[in-house]
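Asker: This is the structure I have questions about; it appears just below.
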Ligand code: HEM
Ligand code: FES
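Protein chains in written order, with our numbering: chain F, 1 to 536; chain E, 1001 to 1337.
This is how it looks when you write it as structure tokens:
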């Protein structure tokens, strides 16, 4: 570039800044904030992207959802379907259906680009839940929920609940046979709640099932209540992340008191915007190419028909499975009854979510760790927590399989009775086995220090002519990327790894002589004022 | 602390946060005493104004071309989208074009940021990490305590406020009741009763001969097909040995029996009939009912038999119910007795 060009560019830049930023600052005094915001540092790790993926799925849901809402008719009124060839779905011609169902057929067949919008919306919901589930696992297995981020764990779980309910209410809006059957089961679950169930069910549905109030009510819930809740909670979630700053994995030069990564502007912002584009693209492809929830194949809902092999969306599967696996218990006495669906439909999820909400406290008791953390745990360094998490995943997997017993039974040529029995034992056995395997794997990984999903660490050992050894390809001496702080011990003494850093801000991981046995050592070395346990 | 007329709080720091901080065994703040200055590991000689290909114009030029290529794809797919839309729309093409367009845009942006825009990895202090020093904490407590004494001086008002909130709050909950009908006896009732004709889903009355041996038919009370609780299955068992339980004598007409179609587990229609085993299976959670044993549950989560509908034939030869169901149909609920 010539100097003139450079000067011209510089002049241009100055002018732009004067005009833009000065005008704002004159009114808000915001330059300090803007500079801090643009310079804010975000650690880079692929797993930190999953929360963003969830967020961007939500953006897609809002956009496509508004489009769908312009056509959807929230009415349970009975109509007869009169499609014209080329405009509508002929096999259903002449059938009775609700106006809601008809309007969804219209979106799918008569509104140009409507089907893509509708399928993108549904795919976005499915991917959204998958991203949230993965995000939750990331937070759990790395201990990102520990002090000071317990609040964000709770907000996150409220988000999870809101999104599940939002998803379920949306799934029910088309009033097709599949979702209607799901609603029938939910009505029975609500009905089964002791003391208030019957009244609660009638208040939610407006009358005996199915009634005609539910569809318009679901519309309000799905279009207004839960989206509002999600937006509010998400705002709080992001504000806390902004304020508390993101965690990071331990590594050379990373400490509890510093943060490393790219700045918001331009790297993080542009890459994040690119991620949004890619999510749009992928969901567009899914919506255009892969059929989802083809309600015209299920037919309109009526209370006396059901299609075999009814499947809810995947994230409700574990609840459906729980309802299938719970034994035929019911309690009747004194003229009252606790009906069967209460236990698997209310009690089980109630216990599951209570444990999840309480986990930061439980974890604190287990590890007697009251310390604040900015550096994450590697899952292997907390074998017990990892085992609990893997056990929980096995539990959910077993229940999710249970929700497909009829289909699976066909595929496996096994009577569904056998399959259900196997899965009933599996609810108890699978988590224990999976947990035990995870525990042992963690211990083994600690010993080898190999990374299961990243490039191996270490280097090539060279023997020089004079008999000395040194390693090639590893500037830090004996160890690679993950040999930083706080990696040493499965810490039960309450000090956490923070202790290692009070005298040392940066880069102490260089050249420490980390030995295999150290991992199994009790945390004696981590006393507050003690030397760095890894002996640098 | 600044004025002397606030006797409480100053001098004693026994609010919740402080106990933990002062306990030497509990190091809450990254092992750093919040009273001490925060260690300031300032960035070490970092230059984040450089971009990747700054010193290599040839590679920079190539990166620029790559980005231009990506965005050209986006533009082309935009045009394609518009055309497809104008000629009537086609989901697969639309999906493909959305994919190419958006991913092209995104990949181009990533390449731009990675290769041609400044910003390398930087390290900086986390700052004070949202932990205030003792003076600020005290000042905050002080601000609160401004009202503690004046409020404590009026315990009556405080209690009154609680009471008022409670009463008014409960009153505000009442409109919830208008959301739905009271259940009353709805869940006990169906549209069946003495002399109600059985009809199929087109409201045609049925005669015993209309249903073949091993046949199954969903039937409804005449003119009440929509009645949510009333759907019933009519099964012709032929001469299979049907076990007439006490209290149900005369409810079947030979091999012809009728049971509620609403699963006693969670209310799905029990629609799958296996004529070999004479079992009804609910498609929702696979509860299985043995028709020969009065639709007793033999497998799955249901714990009650499907209620049986007493059948009869009227003078004109049509099937009727001689009475309604003798117990509530469908799943259980709290006040089911
Ligand atoms: C609607 C659903 C959610 C969205 C859109 C969302 C979004 C995000 C984003 C963008 C981040 C920062 C990037 C990252 O670490 O991935 C984040 C961090 C976090 N999320 Fe979520 N999240 C959601 C649900 C949850 C759930 C279910 C939990 C756990 C129960 C959770 C707990 C956390 C925590 C503790 C952090 C801080 C992580 C750290 O600093 O390392 N979030 N979330
Ligand atoms: S509803 Fe019939 S088995 Fe659950």
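From the three backbone atoms N, C-alpha and C, an ideal C-beta is built for every residue, glycine too.
Quick caveat: nothing in here was measured; it's all calculated off a predicted structure.
Could you check the C-alpha separation between residue 437 of chain F and residue 409 of chain F for me, to the nearest Å?
Answerer: C-alpha separation (whole angstroms): 27 Å.
Asker: So is residue 394 of chain F in contact with chain E if we call contact Cβ pairs under 8 Å?
Answerer: No, residue 394 of chain F lies away from the interface with chain E (no Cβ there is under 8 Å from its Cβ).
Asker: In whole angstroms, what is the alpha-carbon distance linking residue 1277 of chain E and residue 434 of chain F?
Answerer: Cα to Cα, residue 1277 of chain E sits roughly 39 Å from residue 434 of chain F.
Asker: According to a CB-to-CB cut-off of less than 8 Å, which residues of the region 1262-1286 of chain E neighbour chain F?
Answerer: The region 1262-1286 of chain E vs chain F, Cβ under 8 Å: 1265, 1266, 1267, 1268, 1269, 1271, 1272, 1283, 1284, 1285 and 1286.
Asker: Quick one: which residues of the region 1151-1182 of chain E get their C-beta closer than 8 Å to a C-beta of chain F? List them in chain order.
Answerer: So the list reads 1176, 1177, 1179, 1180, 1181 and 1182, given in the order they occur along the chain.
Asker: Since residue 1260 of chain E meets chain F, which of its residues come closer than 7 Å, beta carbon to beta carbon?
Answerer: Ordered by position in chain F, no residue passes the 7 Å Cβ test against residue 1260 of chain E, which lies about 11 Å from the chain.
Asker: What do you reckon, is the C-beta of residue 328 of chain F under 7 Å from a heavy atom of the ligand FES?
Answerer: Outside the cutoff, so no.
Asker: Pull every residue with its beta-carbon under 5 Å away from any heavy atom of the ligand FES, and keep them in chain order.
Answerer: Output, sorted by chain position: E:1263, E:1265, E:1266, E:1268, E:1282, E:1284, E:1285 and E:1287.
Asker: At a threshold of 7 Å, does residue 129 of chain F count as lining the ligand HEM (C-beta to nearest heavy atom)?
Answerer: Every heavy atom of the ligand HEM is 7 Å or more from the Cβ of residue 129 of chain F, so no.
Asker: How many whole angstroms separate the CB atoms of residue 186 of chain F and residue 200 of chain F, which I take to be in contact at a CB cut-off of 8 Å?
Answerer: Residue 186 of chain F to residue 200 of chain F, Cβ: 12 Å. No contact.
Asker: Under three-state DSSP, which class holds residue 33 of chain F?
Answerer: In the structure shown, residue 33 of chain F sits in a helix (DSSP, three-state: H, G or I).
Asker: Does residue 236 of chain F come within less than 8 Å of chain E when only Cβ atoms are used?
Answerer: Residue 236 of chain F does not count as touching chain E.
Asker: Contact criterion: CB-CB distance below 8 Å. Does residue 1333 of chain E meet it with respect to chain F?
Answerer: Answer yes: the Cβ-Cβ gap between residue 1333 of chain E and chain F drops below 8 Å somewhere.
Asker: Assuming residue 1115 of chain E and residue 1068 of chain E form a contact by the criterion Cβ under 8 Å, report the distance between their Cβ atoms to the nearest whole angstrom.
Answerer: That belief does not hold up - the Cβ atoms of residue 1115 of chain E and residue 1068 of chain E are roughly 13 Å apart, past 8 Å.
Asker: Less than 7 Å between the CB of residue 163 of chain F and some heavy atom of the ligand HEM, yes or no?
Answerer: Result yes, Cβ under 7 Å from the ligand HEM.
Asker: Does the distance from the C-beta atom of residue 1324 of chain E to that of residue 1193 of chain E stay below 8 Å?
Answerer: Contact: yes.
Asker: Taking three-plus beta-carbon pairs below 8 Å as touching, is the region 1267-1281 of chain E in contact with the region 1289-1296 of chain E?
Answerer: Contact between the region 1267-1281 of chain E and the region 1289-1296 of chain E is present, because at least three Cβ pairs lie under 8 Å.
Asker: Using a C-beta to C-beta distance shorter than 7 Å, which residues of chain F count as neighbours of residue 1091 of chain E?
Answerer: Within 7 Å Cβ-Cβ: 115, 116 and 288.
Asker: Indicate the three-state DSSP secondary structure (helix, strand or coil) for residue 513 of chain F in the structure shown.
Answerer: Note that residue 513 of chain F scores 36 on pLDDT, short of 50, meaning its location in the model is unreliable and no value can be drawn from it.
Asker: Would you kindly work out how many angstroms separate the C-alpha atoms of residue 500 of chain F and residue 323 of chain F, rounded to a whole number?
Answerer: Only weak support exists for where residue 500 of chain F lies, its pLDDT of 36 falling under 50; the coordinates are left without a value.
Asker: Look up residue 1186 of chain E in the DSSP assignment and say whether it is helix, strand or coil.
Answerer: Correct three-state label for residue 1186 of chain E: helix.
Asker: Based on the DSSP secondary-structure assignment, which residues constitute the bridge partners of residue 261 of chain F?
Answerer: According to DSSP, residue 261 of chain F bridges with E:1122.
Asker: For residue 253 of chain F, return the contacting residues in chain E, with the cut-off set at a CB-CB distance below 7 Å.
Answerer: Those within 7 Å of residue 253 of chain F in chain E are 1123.
Asker: Closer than 8 Å, Cβ to Cβ, to anything on chain F: give me those residues from the region 1183-1196 of chain E, in chain order.
Answerer: Result list: 1183, 1186 and 1187.
Asker: In whole angstroms, what is the alpha-carbon distance linking residue 355 of chain F and residue 261 of chain F?
Answerer: Going from the Cα of residue 355 of chain F to the Cα of residue 261 of chain F covers about 34 Å.
Asker: Over the uninterrupted alpha helix (DSSP H) stretch that includes residue 370 of chain F, give me the two end residues.
Answerer: No alpha helix (DSSP H) contains residue 370 of chain F, which DSSP labels as neither H nor E.
Asker: Give me the subset of the region 218-246 of chain F whose CB atoms are less than 8 Å from a CB atom of chain E, sorted by chain position.
Answerer: Flagged, chain order: 243, 244 and 245.
Asker: So, using beta-carbon positions, are residue 156 of chain F and residue 377 of chain F closer together than 8 Å?
Answerer: No, Cβ-Cβ distance for residue 156 of chain F and residue 377 of chain F is not below 8 Å.
Asker: Residues of chain E with CB closer than 9 Å to the CB of residue 336 of chain F, please, in chain order.
Answerer: The contacting residues are 1334, 1335, 1336 and 1337.
Asker: Compare the C-beta of residue 1303 of chain E with all C-beta atoms of chain F and state if any pair is closer than 8 Å.
Answerer: Yes, its Cβ sits closer than 8 Å to a Cβ of chain F.
Asker: Does any CB atom of chain F fall closer than 8 Å to the CB of residue 1324 of chain E?
Answerer: Not an interface residue.
Asker: Find the nearest neighbour of residue 1275 of chain E within the set E:1255, E:1224, E:1050 and E:1315, judged by alpha-carbon distance.
Answerer: Closest by alpha carbon: E:1255.
Asker: Under the rule that 16 or more other beta-carbon atoms within 10 Å means buried, what is residue 1222 of chain E, buried or exposed?
Answerer: By the neighbour-count rule (16 or more Cβ atoms within 10 Å), residue 1222 of chain E is buried.
Asker: Look at the Cβ atom of residue 325 of chain F, then the Cβ atom of residue 423 of chain F, and state whether they are nearer than 8 Å.
Answerer: Yes; because the gap between Cβ atoms is below 8 Å, this pair is in contact.
Asker: Run through the region 353-411 of chain F for me and flag every whole beta strand (DSSP E) of 3 or more residues, listed as ranges in chain order.
Answerer: Correct list: empty.
Asker: Verify whether the separation of the beta carbon atoms of residue 101 of chain F and residue 175 of chain F is less than 8 Å.
Answerer: Yes, they are a contact pair.
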